[in-house]
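There are 2 protein chains.
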Amino acid sequence: MITRLFLQTHRKPILSDEDAAALEAACARTQEFAAKRIIVREQMPLTQCTLLLNGFIERFKDTAEGRRQILAIHVPGDFVDLHSYPLKRLEHSVAALTPVTIATFPHPEIRALTERSAALTELLWRSTLVDAAINREWIVSVGARSAAARLAHLFCEMFMRLERIGMTRELEFDFPVTQIDLADATGLTAVHANRMLRQLREQGLVEFRQGLVKILNWDALRDFAGFDPGYLFSIDRSVLAVRLPVTVQGRTQTGAGAGPCGTIGSFTATSRACAIGALRQVRAEHGRD
Amino acid sequence: MITRLFLQTHRKPILSDEDAAALEAACARTQEFAAKRIIVREQMPLTQCTLLLNGFIERFKDTAEGRRQILAIHVPGDFVDLHSYPLKRLEHSVAALTPVTIATFPHPEIRALTERSAALTELLWRSTLVDAAINREWIVSVGARSAAARLAHLFCEMFMRLERIGMTRELEFDFPVTQIDLADATGLTAVHANRMLRQLREQGLVEFRQGLVKILNWDALRDFAGFDPGYLFSIDRSVLAVRLPVTVQGRTQTGAGAGPCGTIGSFTATSRACAIGALRQVRAEHGRD
DNA sequence: CGTTTCATTGATCAGCGTCAATCGCTGTGG
DNA sequence: CCACAGCGATTGACGCTGATCAATGAAACG
Numbered sequence: 008m009i010t011r012l013f014l015q016t017h018r019k020p021i022l023s024d025e026d027a028a029a030l031e032a033a034c035a036r037t038q039e040f041a042a043k044r045i046i047v048r049e050q051m052p053l054t055q056c057t058l059l060l061n062g063f064i065e066r067f068k069d070t071a072e073g074r075r076q077i078l079a080i081h082v083p084g085d086f087v088d089l090h091s092y093p094l095k096r097l098e099h100s101v102a103a104l105t106p107v108t109i110a111t112f113p114h115p116e117i118r119a120l121t122e123r124s125a126a127l128t129e130l131l132w133r134s135t136l137v138d139a140a141i142n143r144e145w146i147v148s149v150g151a152r153s154a155a156a157r158l159a160h161l162f163c164e165m166f167m168r169l170e171r172i173g174m175t176r177e178l179e180f181d182f183p184v185t186q187i188d189l190a191d192a193t194g195l196t197a198v199h200a201n202r203m204l205r206q207l208r209e210q211g212l213v214e215f216r217q218g219l220v221k222i223l224n225w226d227a228l229r230d231f232a233g234f235d236p237g238y239l240f241s242i243d244r245s246v247l248a249v250r251l252p253v254t255v256q257g258r259t260q261t262g263a264g265a266g267p268c269g270t271i272g273s274f275t276a277t278s279r280a281c282a283i284g285a286l287r288q289v290r291a292e293h294g295r296d
Numbered sequence: 008m009i010t011r012l013f014l015q016t017h018r019k020p021i022l023s024d025e026d027a028a029a030l031e032a033a034c035a036r037t038q039e040f041a042a043k044r045i046i047v048r049e050q051m052p053l054t055q056c057t058l059l060l061n062g063f064i065e066r067f068k069d070t071a072e073g074r075r076q077i078l079a080i081h082v083p084g085d086f087v088d089l090h091s092y093p094l095k096r097l098e099h100s101v102a103a104l105t106p107v108t109i110a111t112f113p114h115p116e117i118r119a120l121t122e123r124s125a126a127l128t129e130l131l132w133r134s135t136l137v138d139a140a141i142n143r144e145w146i147v148s149v150g151a152r153s154a155a156a157r158l159a160h161l162f163c164e165m166f167m168r169l170e171r172i173g174m175t176r177e178l179e180f181d182f183p184v185t186q187i188d189l190a191d192a193t194g195l196t197a198v199h200a201n202r203m204l205r206q207l208r209e210q211g212l213v214e215f216r217q218g219l220v221k222i223l224n225w226d227a228l229r230d231f232a233g234f235d236p237g238y239l240f241s242i243d244r245s246v247l248a249v250r251l252p253v254t255v256q257g258r259t260q261t262g263a264g265a266g267p268c269g270t271i272g273s274f275t276a277t278s279r280a281c282a283i284g285a286l287r288q289v290r291a292e293h294g295r296d
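From first to last, the protein sequence lines are chains A and B.
Heads up: the first sequence begins at 8 in this note's numbering, then just goes up one per residue.
Heads up: the second sequence begins at 8 in this note's numbering, then just goes up one per residue.
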């Protein structure tokens with residue numbers, strides 16, 4: 008079943024059996040690519056979407072200065088370029104990080120799906136938005152986290168996403184990328200990424216060696232990275248909350264209650280100092296830092 | 008007409024008059040907020056979406072260390088949190104940068120729209136994906152551009168987005184944000200942002216003074232920022248190409264042609280050196296750098 | 001087996017953050 | 001009308017994080 012992992016990752020909204028079957032049937036064919044092969048080149052007109060079945064895929068842009076910025080790393084079950092359906096072209100390239108197997112869904116087939124079922128459309132739409140939420144978390148990573156925390160955060164994210172599809176073993180998982188890839192994803196140089204990986208290892212947080220990630224201390228790693236899985240929009244946030252007590256939640260307590268639906272806020276976004284103070288307090292209460 | 012600027016920004020797919028009217032009618036009410044007011048707080052369950060009619064809005068996250076990362080800046084005509092419809096909650100907060108007027112669209116109304124028209128759904132979907140493309144360009148900014156180039160790039164982006172909705176005058180436009188906001192958007196400190204703004208001014212590229220941006224030399228600014236408007240998915244790329252000759256286009260020429268539909272690439276993503284060399288060459292041909 | 005890629009480490013240095021002080025503007029209350 | 005507080009802009013001094021340059025070894029590959 009081609010769409011199994013996709014549906015396992017994105018469970019809402021719940022599809023009828025017919026819709027699920029229609030989605031499955033929309034696949035035109037499967038295909039394999041060697042590692043490092045470019046699958047989609049930026050700005051080319053596209054007529055199909057790519058569902059990743061096996062292996063790892065990167066989306067990236069190269070800058071004029073010769074730096075590569077990886078924008079996303081995809082795992083099996085991810086609809087790598089579903090956004091090409093409404094957009095018709097991509098503003099970035101897509102390449103295989105490892106040997107991969109993909110399934111392709113022609114745009115006309117997807118159009119037929121959207122005309123057939125609003126629920127199915129919403130599921131597809133939603134999956135592209137979870138992707139976007141991950142994009143935004145990466146903005147936070149490169150914009151506001153230290154080098155070591157960026158790497159730690161990436162490991163946390165990959166762990167949760169791979170666990171969702173059964174690709175972890177206890178606290179370790181295969182992550183067959185190079186240190187150069189890690190550097191390109193986190194906005195660092197390979198040299199510095201290497202040093203930070205050593206630091207993470209020596210701090211007893213996480214170990215990365217030849218494509219294998221071993222999480223040595225999940226709680227410490229999560230705190231160090233400032234990782235809050237909320238942005239992954241996984242199925243059951245309450246379960247995650249138990250397993251991963253959310254540090255940063257305290258933020259929303261800065262000030263009294265908001266309107267009933269949360270859209271009518273009643274507080275300003277100012278007073279950084281105040282918010283920071285509150286945060287430090289929350290962190291202190293949890294005995295961290 | 009509430010949706011005028013939105014439809015002006017997002018012209019594809021083209022809507023029927025009925026669909027456009029239905030969209031217009033889905034608005035429940037308009038509302039005003041003072042500057043710095045939080046409009047949507049992260050993680051709160053949402054039941055409506057926000058269309059910005061007037062003013063500027065930011066989407067942001069605060070980190071545990073007290074840093075604020077701005078994830079997006081919205082201009083009139085932007086559906087600020089349309090992604091809350093499929094996602095039901097947001098992983099970030101939304102606040103007014105200036106006094107704003109917004110229109111709210113209840114989720115049930117949007118659901119009705121999606122059940123009514125696949126074309127309308129695609130337009131809405133597409134607009135959330137253009138947003139995501141901007142998110143990704145911001146990853147490139149904070150991850151791979153120098154401090155000054157990040158600011159320059161932001162000014163280029165805002166200029167193009169504001170021009171689309173008629174909010175520029177020749178080469179200047181109102182951008183009523185503080186230097187702190189600019190710093191939070193670009194992953195810099197306010198102090199350093201200030202210095203870089205001075206540098207950009209002294210280099211004769213762009214001037215930012217009390218909420219007014221004056222572009223002193225568009226070509227030089229665009230080149231300095233490495234700005235390629237393709238990621239904005241504006242209406243007519245060819246027009247933009249004439250007006251703003253696309254430097255970075257040359258990249259896709261690195262290697263011979265790809266498959267007919269662009270999905271079957273035939274080159275590897277390796278050999279950075281080669282690609283960089285080719286880029287330098289392209290840039291040299293254009294007499295830059 | 002040569003060639004290339006990746007990992008690793010050292011030395012050096014620059015870009016950007018941090019700390020601190022000043023100045024101007026605005027709003028506010030006495 | 002003035003004193004004062006708060007915020008934003010600006011500038012200087014200093015230091016750290018992370019980039020750059022360089023070299024080596026090991027492993028993968030054709």
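Think of the CB as a built atom: it goes at the ideal place given N, C-alpha and C, for glycine as much as any other residue.
Just to check my reading of the structure: residue i and residue j have Cβ atoms closer than 8 Å, yes? What is that Cβ distance to the nearest angstrom?
i: A/VAL47; j: A/LEU94; result: No, A/VAL47 and A/LEU94 are not in contact; Cβ-Cβ is about 12 Å, not under 8 Å.
i: B/ALA110; j: B/ILE172; result: Rounded, the Cβ-Cβ distance is 15 Å, inconsistent with contact.
i: A/LEU12; j: A/PRO83; result: 5 Å
i: A/PHE182; j: A/LEU228; result: No, A/PHE182 and A/LEU228 are not in contact; Cβ-Cβ is about 14 Å, not under 8 Å.
i: B/ALA159; j: B/ALA232; result: 4 Å
i: B/THR193; j: B/SER148; result: 7 Å
i: A/ALA151; j: B/GLN76; result: 5 Å
i: A/TRP225; j: B/TRP132; result: 36 Å between Cβ atoms; not a contact.
i: A/SER134; j: A/LEU89; result: 6 Å
i: A/LEU104; j: A/VAL198; result: No, A/LEU104 and A/VAL198 are not in contact; Cβ-Cβ is about 20 Å, not under 8 Å.
i: A/ALA139; j: B/ASN142; result: 6 Å
i: A/LEU120; j: A/VAL87; result: About 17 Å; that fails the 8 Å criterion.
Nearest to residue i by alpha carbon, out of the options?
i: B/ARG205; options: B/THR111, B/GLN186, B/ASP88; result: B/GLN186
i: A/LEU207; options: A/ARG75, A/LYS221, A/SER241, A/GLU144; result: A/LYS221
i: A/HIS81; options: A/PHE63, A/ASP235, A/ALA192; result: A/PHE63
i: A/SER23; options: A/ALA33, A/PHE13, A/LEU127, A/PRO83; result: A/LEU127
i: B/GLU39; options: B/HIS99, B/ALA28, B/PRO106, B/ALA33; result: B/PRO106
i: B/GLU179; options: B/VAL213, B/HIS17, B/LEU30, B/LEU189; result: B/VAL213
i: A/VAL137; options: A/LEU30, A/VAL198, A/SER241; result: A/SER241
i: A/ASP26; options: A/ASP69, A/ALA102, A/GLU122; result: A/GLU122
i: B/PRO115; options: B/ARG202, B/LEU53, B/ALA28; result: B/LEU53
i: B/ALA32; options: B/PRO113, B/LEU239, B/LYS68; result: B/PRO113
i: B/THR70; options: A/ARG36, A/TRP145, A/GLU65; result: A/TRP145
i: A/VAL20; options: A/SER124, A/TYR238, A/ASP235; result: The question names Val, yet the displayed sequence has Pro at residue 20 of chain A. For A/PRO20, the nearest C-alpha among the options comes from A/SER124.
i: A/PRO236; options: A/ALA190, A/MET165, A/ALA41; result: A/MET165
i: B/GLN55; options: B/PHE67, B/LYS43, B/ALA41, B/CYS34; result: B/CYS34
i: A/GLY218; options: A/ASP230, A/LEU189, A/GLU72, A/MET167; result: A/LEU189
i: B/TYR238; options: A/TYR92, A/LYS68, A/GLY73; result: A/LYS68
Can you pull the chain B residues whose beta carbon is under 7 Å from the beta carbon of residue i, in chain order?
i: A/ILE146; result: GLN76, LEU78, ASN142, TRP145, ILE146, VAL149
Which residues in chain A have a C-beta closer than 8 Å to the C-beta of residue i? List them in chain order.
i: B/GLU122; result: ALA125
Residue i touches chain B at which residues, Cβ-Cβ below 8 Å?
i: A/LEU136; result: HIS90, PRO93, LEU94, THR135, ALA139
Identify the contact partners of residue i in chain A, using a Cβ-Cβ distance below 9 Å as the criterion.
i: B/THR128; result: THR121, ALA125, THR128, GLU129, TRP132
Exercise for the section: Below 7 Å between beta carbons is the criterion; list the residues of the region 84 to 100 of chain B that meet it against any residue of chain A, in chain order. Expected result: HIS90, PRO93, LEU94, GLU98, HIS99
Practice task
Could you run through the region 218 to 240 of chain A and flag, in chain order, every residue whose CB is less than 8 Å away from some CB of chain B?
Solution key: GLY233, GLY237, TYR238, PHE240
Problem - Members of the region 204 to 216 of chain A near chain B, C-beta cut-off 8 Å - result: none
Handout entry: Residues in the region 180 to 202 of chain B having any Cβ partner in chain A nearer than 7 Å
Key = GLY194
Problem - 3 or more residues per run - each beta strand (DSSP E) lying fully within the region 50 to 126 of chain A - result: 55 to 61, 64 to 69, 75 to 81, 100 to 103, 107 to 113
Practice task
At 3 residues or longer, and completely inside the region 147 to 224 of chain A: list those beta strand (DSSP E) runs for me, N to C.
Solution key: 179 to 181, 213 to 216, 219 to 222
Exercise for the section: Taking only beta carbons into account, state which residues of the region 61 to 76 of chain B come closer than 9 Å to chain A, listed in chain order. Expected result: GLU65, ARG66, PHE67, LYS68, ASP69, THR70, ALA71, GLU72, GLY73, ARG74, ARG75, GLN76
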